[in-house]
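Chains A and B, in that order, give the protein sequences. The working numbering applies: residue 21 is where the first sequence begins, and numbers increase by one. The working numbering applies: residue 3 is where the second sequence begins, and numbers increase by one. Here's the structure we're looking at; comments come further down.
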Amino acid sequence: MAAVPHPNARATSDTYIGFGVPLILPAWVIIGFFLVVPVAMMLMYSFLTKEFRGGVIWEFSIAAYDQFFFDRGLFGDSPPTIEWTYISIFWRSIWQAGVATFFCLIIGFPTAWFIATRTGRNSTIWLFLITIPYWVNLLIRTISMKFLIRDNGPINEFLISSGLITEPFHIINTNLAVQLGLFYSYLPFMVLPIYAAVERYNFALSEAAADLYASRTVTLTKIILPAVKPGIVAGCILVFVPSLGAFLAPDLLGGAKTFMIGSLIEEQFKGNAGNWPFGAAASMILLSLVLIVLTLYARQQTRDQD
Amino acid sequence: MSRDNDIAVDIQNVTKMYGGFAALKGVSLDIRDNEFFTLLGPSGCGKTTLLRAIAGFEEVSSGAIILYGQNIADLLPNERPVNTVFQQYALFPHMNVTQNVMFGLLRLGQDKATAKNRVGEVLELVQLSDFADRMPGQLSGGQQQRVALARALAPSPKVLLLDEPLSALDLKLRQAVRLELQQIQHQTGITFIFVTHDQEEALTMSDRIAVIEAGQVQQIGSAREIYEAPKNKFVADFIGETNLLEVNVTDLDTGRGSCILPGGVQITCPAAEGAHSGPGHLSVRPERIAITALSKGLIQGTATRHIYLGTDLHVEVSLVNGGHVTVRMQNSTQIKIPEVGQSVGLEFEPDSARLLVD
């Protein structure tokens, strides 16, 4: 019997692996400087005291975090109770981002499947078509969407004039409008990684499953989904994480009731009314949340592979 | 026993069109119960299309596929009691060996304990019991091939389809696996339908062979029949090596015919059914031709080249009247090999030659 190859054996030799360091260096420098430094500054600011006209006073304080989690009454001398305002904004953001991710997945998966199964150059053309709307600035697209879904916008006018509805379908300033906006903003981030995974999928596996008496449903759940799972997970992360911190869609399409983390943070740094330490603290809490979720997922993955 | 029970698969006039291209043109053949049957032909001849039509991956354009008396042509692949060993194995990469082999059994509704027993049995049959917990990526090509075989055998299919399963293995391994496949076929009594483009594989393993070319069955028979008594030029040329001499057929009787060889000598030899008089082709295998003195030969020529093959030697002879002939000689010290440039006569038993259908 032939020798069993090492499970992690790769075609790449050490010579090529050696090139790795200079290749990754520019990215490391850029990430190190423009990501790590601002995050470190943010962390520092979240522990400083606020200046009333924006900015900070260089004095250590945990007031920002305290304000986020606890209510101490109007004058700050009542016994502390849990402050639900910000937690519920966070919760709503997670919910909105989750719903948007879900819609991106159920629309994006068939789309990606369709594109990946086109023959020859057709899939390239479809991929290009998917990305075309994203050549237009996100702000402009979101404003256009607001215009389209207004109570007296073209969609409602069409539905009323065609007699399908009598009252305008009220969608602007609702959760649905925000979810729609997020869905539209981030759909390609779901389609592209799933497309890449489906393109690598070996369709002989589906034939093998059918040959072994699996129905289409069983083939999908037991063979196809596990095979393209990395693409699905990557797509979900790429949609969920930016949706969570988004502020354009909630600002323009939603109202006061659909206030999300992104907008909350944005307001703290805008003009003179802001509270820099509080905005920094909210950012740090959001970042921790995302990191915890990703870490849990990564742990799960390594356990699956053992 | 009724005739139906002797026939495992009855292919009736099956045609498969891809747009305007006919991959199968009215193929009809019977595959007997408990038979090792091979579909042999060059790539693109339609043999794989036929196998995939039996498995259900290709819908036939017309015709019937009768499996033990039941027409399965309209059933989905998962509704057909046949299993396939795929060319690239198509093992489920996220499942270990046991889960791969168990997959079909669970789909058939077996409970886990029964299925596990069966998995143990088939893994023993393919000698992979020690690898039950490995992932496919941790196995060698030969081992993966065995897992694919075990997975397809586990549900005890009525017919096992094998789509060039040995083509990805190296030569030594391929030869060993041939014998094993034959043994497993005898042990299990399952009808095997084996697709290959490798004539040696077909000749050594099969009970019967269907030679396929251009979407049509050219000849069906045992290895000996198609080698010794090829029906037409394609079969004679594709199975083994042969010399095709251009002859003039003068007389035909049942199974025999007379013809005039290049150079004018007339012989009487076996003729394939359907051979016709006039210009035609005579097939003579290289190992059936002997080199002799110029005057004693049925045909004459000049030795032009030696091709060294190890145990054997090919001598190419270009004929006086055009064309050339290959003679296979044993590479032995006792046999005198003609020098290049030497004029030689060639002789053969007329009974080992054969007039063909063009």
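Think of the CB as a built atom: it goes at the ideal place given N, C-alpha and C, for glycine as much as any other residue. None of the values given here were measured: they were computed from a predicted structure.
Asked	Found
N-terminal and C-terminal residue of the alpha helix (DSSP H) that PRO174 (chain A) is part of	174–181
Length of the line joining the Cα atoms of GLY144 (chain B) and GLY106 (chain B)	21 Å
Residue-level contact to chain B via CB, TYR233 (chain A), 8 Å cutoff	yes
Buried versus exposed call for ARG30 (chain A) [16 or more other C-beta atoms within 10 Å across all chains shown]	No answer about ARG30 (chain A) holds up, because its pLDDT of 48 lies below 50 and its placement is not dependable.
Entirely enclosed beta strand (DSSP E) segments - the region 5–42 of chain B, minimum 3 residues	9–20, 23–34 and 38–42
C-beta neighbour in chain A for ASN80 (chain B), strict 8 Å	yes
Residues that GLN268 (chain B) bridges to, as DSSP identifies them	B:ILE262
Chain B contact residues for ILE243 (chain A), given Cβ-Cβ distances below 8 Å	PHE94
Span separating the alpha-carbon of LEU309 (chain A) from that of ASN73 (chain B)	60 Å
Any C-beta of chain A under 8 Å from that of ASN85 (chain B)	yes
8 Å Cβ cutoff, PHE59 (chain B) in contact with chain A	yes
Beta-carbon proximity check, PHE39 (chain B) vs ASP209 (chain B), cutoff 8 Å	yes
Cut-off 8 Å between Cβ atoms - residues of its own chain near GLY265 (chain B), not counting five sequence neighbours on either side	LEU300, ILE301, GLN302, LEU321, VAL322 and ASN323
Secondary structure of ASN234 (chain B), DSSP reduced to three states	strand
Separation of TYR204 (chain A) from PRO153 (chain A), as counted between CA atoms	10 Å
Selected residue, minimal CA-CA separation from ALA197 (chain A), among A:ASN172, A:ARG73 and A:THR162	A:THR162
Contact list for the region 214–233 of chain A against chain B, Cβ threshold 8 Å	ASN222, ALA224, LEU225, GLU227, ALA228, ALA229, ALA230, ASP231, LEU232 and TYR233
Three-way DSSP call (helix, strand, coil) for PRO138 (chain B) in this model	helix
Between the CA atoms of LEU202 (chain A) and SER263 (chain A) - distance to the nearest angstrom	6 Å
Straight-line Cα distance separating ARG323 (chain A) from TRP146 (chain A)	37 Å
Reference ALA84 (chain A); option with closest CA among A:GLN288, A:LEU45, A:ASP171 and A:SER182	A:GLN288
Sequence-distant residues of the same chain with beta carbon closer than 6 Å to ASP135 (chain B), five excluded per side	ASN98
Buried or exposed by the 16-neighbour rule on C-beta atoms within 10 Å, applied to LEU240 (chain A)	exposed
Nearest-angstrom Cα separation, counted from PHE279 (chain A) out to LEU94 (chain A)	23 Å
Buried versus exposed call for MET61 (chain A) [16 or more other C-beta atoms within 10 Å across all chains shown]	exposed
Interface residues of chain A facing PHE105 (chain B) [CB-CB closer than 7 Å]	LEU232
Beta-carbon spacing of GLY48 (chain B), ILE222 (chain B) below 8 Å	no
Cβ-based burial, VAL317 (chain B) [other Cβ within 10 Å; buried from 16]	buried
Euclidean distance between Cα positions of LEU127 (chain B) and ASN119 (chain B)	13 Å
Three-state secondary structure assigned by DSSP to HIS308 (chain B)	strand
Reduced DSSP category for ALA117 (chain B) - H, G, I as helix; E, B as strand; rest coil	helix
Residue-level contact to chain A via CB, GLN363 (chain B), 8 Å cutoff	Since the first residue shown for chain B is 3 and the last is 360, residue 363 (chain B) is missing from the structure and cannot be characterised.
Minimum C-alpha distance to THR306 (chain B) - residue among B:GLN344, B:PRO288 and B:ASN333	B:GLN344
Counted within 10 angstroms of its Cβ, other Cβ atoms place ASP8 (chain B) as buried (16 or more) or exposed	exposed
Chain B contact for PRO250 (chain A) (CB, 8 Å cutoff)	no
Helix, strand or coil at ARG109 (chain B) [DSSP, three-state]	helix
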